[in-house]
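Notes to accompany the following structure.
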Amino acid sequence: MEDNVSGRDEELEYLQQEVIRIKEQHVDLQAHTEDLKNRWCWRHLRTSRIYWKQPEISEANSQAPVQKGGRNRRKGSCRTMDTDHIL
1 MEDNVSGRDE ELEYLQQEVI RIKEQHVDLQ AHTEDLKNRW CWRHLRTSRI
51 YWKQPEISEA NSQAPVQKGG RNRRKGSCRT MDTDHIL
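The structure is reproduced here in structure tokens:
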């Protein structure tokens, strides 16, 4: 019976440590997500287009040619830019 209690205590300790580890990862992930949201440039995962937040375009990139809207262009607060000169 003593072994059974000891095994449960070890399992409980392990599970408590796992809960702490997962909570720490969650906080780190939330901070990383906020950091990504605050960036002024990001790449769309499906289309691989690079988007720039409108008001904070840096001086160096403000000279880049802006892609003209096509049939599927949606209105929004961001615009796409030709990035061949950056890559």
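Residue numbers (the UniProt record's numbering): 1 to 87.
Note that the Cβ used here is the ideal one computed from N, Cα and C, for glycine as well.
Item to check | Rounded C-alpha distance that separates Y14 from G7 | outcome: Approximately 11 angstroms between the Cα atoms of the pair.
Checklist entry - When you compare only the Cα positions, how much space is there between V19 and D9? => result Approximately 15 angstroms, taken between the alpha carbons.
Checklist entry - Between E11 and R21, what straight-line distance do the alpha-carbon atoms span, to the nearest angstrom? => result Looking at the two C-alpha atoms, the distance is approximately 15 angstroms.
Next on the checklist: Taking the straight line between their C-alpha atoms, what separation do you get for R49 and Q17?
Outcome noted: Rounded to whole angstroms, the gap between the alpha carbons of R49 and Q17 is 41 angstroms.
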